[in-house]
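Protein chains: 2
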Amino acid sequence: MLDIAARLSPPPELVLGPGDDAAVLRPTGGESIVLSVDLSIEGIHFRRAWLTWEAIGYRATAAALSDLAAVAARPLGALVSVALPVELDTSVYLQLASGMTEALAGAGAALLGGDTSRSPGPAVIDVTVVGAAEEPLTRAGAAPGDQAWVTGRLGGAAAAVLALQSRFEPPPGARRRFERPIPRWREARWLAERDIPTALIDLSDGLAGDARHIARASGVGLRLRVDAMPLDDALEGWSDTGAARRIAAGGGEDYELLFTAAAGHVERVRSAFEQAFDLELTRVGDVVEGGGVAWIDRAGEPVDPPVPAGFDHFATGSA
Amino acid sequence: MLDIAARLSPPPELVLGPGDDAAVLRPTGGESIVLSVDLSIEGIHFRRAWLTWEAIGYRATAAALSDLAAVAARPLGALVSVALPVELDTSVYLQLASGMTEALAGAGAALLGGDTSRSPGPAVIDVTVVGAAEEPLTRAGAAPGDQAWVTGRLGGAAAAVLALQSRFEPPPGARRRFERPIPRWREARWLAERDIPTALIDLSDGLAGDARHIARASGVGLRLRVDAMPLDDALEGWSDTGAARRIAAGGGEDYELLFTAAAGHVERVRSAFEQAFDLELTRVGDVVEGGGVAWIDRAGEPVDPPVPAGFDHFATGSA
Numbered sequence: 136m137l138d139i140a141a142r143l144s145p146p147p148e149l150v151l152g153p154g155d156d157a158a159v160l161r162p163t164g165g166e167s168i169v170l171s172v173d174l175s176i177e178g179i180h181f182r183r184a185w186l187t188w189e190a191i192g193y194r195a196t197a198a199a200l201s202d203l204a205a206v207a208a209r210p211l212g213a214l215v216s217v218a219l220p221v222e223l224d225t226s227v228y229l230q231l232a233s234g235m236t237e238a239l240a241g242a243g244a245a246l247l248g249g250d251t252s253r254s255p256g257p258a259v260i261d262v263t264v265v266g267a268a269e270e271p272l273t274r275a276g277a278a279p280g281d282q283a284w285v286t287g288r289l290g291g292a293a294a295a296v297l298a299l300q301s302r303f304e305p306p307p308g309a310r311r312r313f314e315r316p317i318p319r320w321r322e323a324r325w326l327a328e329r330d331i332p333t334a335l336i337d338l339s340d341g342l343a344g345d346a347r348h349i350a351r352a353s354g355v356g357l358r359l360r361v362d363a364m365p366l367d368d369a370l371e372g373w374s375d376t377g378a379a380r381r382i383a384a385g386g387g388e389d390y391e392l393l394f395t396a397a398a399g400h401v402e403r404v405r406s407a408f409e410q411a412f413d414l415e416l417t418r419v420g421d422v423v424e425g426g427g428v429a430w431i432d433r434a435g436e437p438v439d440p441p442v443p444a445g446f447d448h449f450a451t452g453s454a
Numbered sequence: 136m137l138d139i140a141a142r143l144s145p146p147p148e149l150v151l152g153p154g155d156d157a158a159v160l161r162p163t164g165g166e167s168i169v170l171s172v173d174l175s176i177e178g179i180h181f182r183r184a185w186l187t188w189e190a191i192g193y194r195a196t197a198a199a200l201s202d203l204a205a206v207a208a209r210p211l212g213a214l215v216s217v218a219l220p221v222e223l224d225t226s227v228y229l230q231l232a233s234g235m236t237e238a239l240a241g242a243g244a245a246l247l248g249g250d251t252s253r254s255p256g257p258a259v260i261d262v263t264v265v266g267a268a269e270e271p272l273t274r275a276g277a278a279p280g281d282q283a284w285v286t287g288r289l290g291g292a293a294a295a296v297l298a299l300q301s302r303f304e305p306p307p308g309a310r311r312r313f314e315r316p317i318p319r320w321r322e323a324r325w326l327a328e329r330d331i332p333t334a335l336i337d338l339s340d341g342l343a344g345d346a347r348h349i350a351r352a353s354g355v356g357l358r359l360r361v362d363a364m365p366l367d368d369a370l371e372g373w374s375d376t377g378a379a380r381r382i383a384a385g386g387g388e389d390y391e392l393l394f395t396a397a398a399g400h401v402e403r404v405r406s407a408f409e410q411a412f413d414l415e416l417t418r419v420g421d422v423v424e425g426g427g428v429a430w431i432d433r434a435g436e437p438v439d440p441p442v443p444a445g446f447d448h449f450a451t452g453s454a
């Protein structure tokens, strides 16, 4: 895998690159180092039949980079462990590496190291990402009176998974959202530099589940408006509104951002944000006293959650 | 796995622990962050029949921590990804975690994060370690005229693997070297603080292979004395000297240190080192002009390498 390294510009923080026993980073003064890891197992997190190896490499890397977006950190690099079944030839490594390179290069991140092995079973990809941030944002910090916002549109990746599970070819837009999710770290930093988010998370488990994470960590409740969710194009115009909302609220792997902000703060910067990133900001609800996540309709009346309680997300590996 | 975190003291650098999207470290001024990753796959790197899950967790973590020793870095923490076969019950997670905790606590390192999954195949453990160092040492830096030294004794872990492959119970000392290798980061830092090593590596592939790494990275040759290798107790007194030397030179996973130092520098500190760590320092050869690794006998005459060229190491996974 180390040939990827040559194709990526190392960050100035990188003192010693891959090839020795370890990579060495010298962070600039005042910045903290941010670390996260994301494990992808064939048959659990991805399926060979649904994706090229290039897309598998891209997604595994982008999912890990999205955890840096979730704390508004700037990506520096990644360490990548890959185990491939013995029957696969080495061109699979190159395809995986190509997808990983695409995700890393898109984030300005370097390959800092890695480990490879044969696997007597499924393919395994484990990506540890390293970033830097002056003031990392967390899931804690939402206060009653804040508003809840999301970037982009929801449910595209889950719509693609549902189609693939039914052996349909997904609409191209939804397939692209599934294959090439964009870690929103630039967007997160833009907002953080303007002191907009009070709490922040990336939507890896789906809006319903990730909103609960913010509520729990912040010690508040979130009240989300079921009709306010920005639906992916693939879900627009569905006659079964309930199904579309279930997918948008329960579908993971969109990797958009959910954040809370004081009332009025987002409106001040919204058009500048949407112009800078060609990406919508949509208010999906409010932060209230209490705990957990409640759903309301347009009139403010309580409604059943669009996804059943305890629902996790549309798992890629389940048939 | 996150219950490990509570049982380990976090380093002062840890700003945000596991539980949010990422861990955050604020390194102290002037220090660099050091990163490495080590992947262990059941059937390739370890076997359930040979080790308890506790020992499997310990070894996977210690192997990764040894890469920090190889650059004389101080361990800060680790991110751990674990995928276990569906048929194993959750007590296996606890046993693995117990072994990992033992290795991390022994190194003063915290659990910084992780990811877990079911596996439709073998157990998978991927450990990313994070350390700090003011002046990381590398494999490069050995100069002609330097001497080559190793810590401890060699071949214990490989002797245990050979016994297990033949369905013998290994001698207790050799089994312990195999199950509970000690990452030599304290020893490496002690030597580095005294400016002793010119190049440094940990013996994960075996002396013969790791000496080649130093020779290549430093642009020098290493001349090793075949009779000078400090043999593990399990190999002492073997009538087949060639076999004992082959195991000591070719056996990986001892995780002792190999380093080069200017003539006379080690002798100055040797007894203080041996007293501080209850660990021998043995001169195994010299650094010369040229490249590669040559072996000599006591009289300085060239001899065949104790392991065939291209020999990797005694693989745990091969039966």
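One line per chain: the protein sequences are F and E, in this order. So the first sequence is numbered by the working numbering: it starts at 136 and just counts up by one. So the second sequence is numbered by the working numbering: it starts at 136 and just counts up by one. Using N, Cα and C, we set each Cβ at its ideal position, and we do this for glycine too.
Check, Outcome
"Check Thr273/E in the structure and name its three-state DSSP category.", "coil"
"How many Å lie between Ala244/F and Gly266/F at the Cα?", "9 Å"
"If you compare alpha carbons, which of Ala295/E, Leu247/E and Ala379/E is closest to Ala309/E?", "Ala295/E"
"When you check each C-beta in the region 187-210 of chain E against every C-beta of chain F, which residues fall closer than 8 Å?", "Asp202, Leu203, Ala205, Val206 and Ala208"
"Taking the Cβ atom as the reference point for each residue, do Trp188/E and Leu231/E lie within a distance shorter than 9 Å?", "yes"
"Closest Cβ-Cβ distance between Arg253/F and chain E: below 9 Å?", "yes"
"Could you check whether the Cβ of Asp340/F sits closer than 9 Å to any Cβ belonging to chain E?", "no"
"Less than 9 Å separating the beta-carbons of Trp320/E and Ala208/E?", "yes"
"Cα separation between Met235/E and Val428/E?", "35 Å"
"Give me the residue from Leu297/F, Pro316/F, Pro220/F and Glu270/F with the minimum Cα distance to Glu237/F.", "Pro316/F"
"Does Ser406/E come within less than 9 Å of chain F when only Cβ atoms are used?", "no"
"Measuring CB to CB, does Leu359/F end up less than 9 Å from Asp261/F?", "no"
"Pick from Pro441/E, Leu229/E and Gly354/E: whose alpha carbon is nearest that of Arg381/E?", "Pro441/E"
"Per DSSP, which one or two residues make a beta bridge with Trp284/F?", "Phe394/F and Arg418/F"
"Taking Cβ-Cβ distances below 7 Å as the criterion, which residues of the region 245-272 of chain E are in contact with chain F?", "Leu247, Gly248, Gly249, Asp250, Ser252, Arg253, Ser254, Pro255, Gly256, Pro257, Val259, Asp261, Thr263, Val265 and Pro271"
"Which of the three DSSP states, helix, strand or coil, is assigned to Glu177/E?", "strand"
"Could you compute how far the alpha carbon of Gly356/E sits from the alpha carbon of Leu393/E?", "14 Å"
"Residues in the same chain with beta-carbon distance under 8 Å from Gly377/F, minus the five sequence neighbours each way, listed in chain order, please.", "Pro441"
"Which same chain residues end up closer than 6 Å to Pro443/E when comparing Cβ atoms and leaving out the 5 residues on each side of it in sequence?", "none"
"Gln300/E to Glu177/E, Cα distance in whole Å?", "15 Å"
"Spatial neighbours of Leu326/E within its chain, please: C-beta separation below 6 Å, excluding the five flanking residues on both sides.", "Pro332"
"How far does the alpha helix (DSSP H) with Pro307/E in it extend, from its first residue to its last?", "Pro307 to Glu314"
"Express the C-alpha separation of Phe408/E and Val438/E in angstroms, rounding to a whole number.", "32 Å"
"How would you write the range of the alpha helix (DSSP H) that Ala384/E sits in, first residue to last?", "Thr376 to Gly385"
"With a Cβ-Cβ cutoff of 9 Å, do Val172/F and Asp202/E count as a contact?", "no"
"On the DSSP letters alone, give me the boundaries of the alpha helix (DSSP H) that Val458/F sits inside.", "The structure shown has nothing for residue 458/F, since chain F only spans 136 to 454."
"Pull up the distance between the alpha-carbon of Thr273/F and that of Tyr193/E, whole angstroms please.", "31 Å"
"At what residues does the alpha helix (DSSP H) containing Val296/E begin and finish?", "Gly291 to Gln300"
"Assign Asp138/F to one of three DSSP states: helix, strand, or coil.", "Annotation note: pLDDT 44 at Asp138/F (below 50); position unreliable, coordinate value reported separately. Three-state DSSP puts Asp138/F in a helix."
"So what does DSSP say about Ile317/E, is it helix, strand or coil?", "coil"
"If we cut at 9 Å on Cβ distances, does Ser374/F have a partner in chain E?", "no"
"Beta-carbon separation of Ala275/E and Val422/E under 9 Å?", "no"
"Taking the alpha carbon of Ser339/F as the point to measure from, which residue in Phe412/F, Gly385/F, Arg433/F and Ile168/F has its own alpha carbon closest?", "Gly385/F"
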